[in-house]
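To start, the structure under review is shown below, and the notes come after it.
Numbering (our numbering), first residue to last: 1 to 67.
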């Protein structure tokens with residue numbers, strides 16, 4: 001998969017999804033950032049959308065902070 005979404009919390013980084021297209025990834029990222037559980041949990045600090053076309057050097061496309 002070419003695109004990935006990770007969350008960052010107190011314990012580290014968790015991959016929450018991988019997507020074939022940027023459109024699918026952006027839709028999922030937008031939905032995750034609006035999810036009330038992530039907003040209210042308090043332990044999840046942020047989410048990032050990555051372009052993983054080059055697995056050796058993924059590029060961050062977007063970041064959202066839950067603070």
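Cβ atoms here follow ideal geometry from the backbone N, Cα and C, with glycine treated the same way. Bear in mind the structure is a predicted one, so any value in this text is a computation, not a measurement.
Distance from the CA of residue 33 to the CA of residue 66, rounded to the nearest whole angstrom, comes to 8 Å. Per DSSP, the beta bridge partners of residue 60 are 50. For residue 40, the enclosing alpha helix (DSSP H) has its first and last residue at 36-41. Note that the C-beta distance between residue 47 and residue 19 is not below 8 Å. The alpha-carbon separation between residue 60 and residue 49 amounts to approximately 6 Å.
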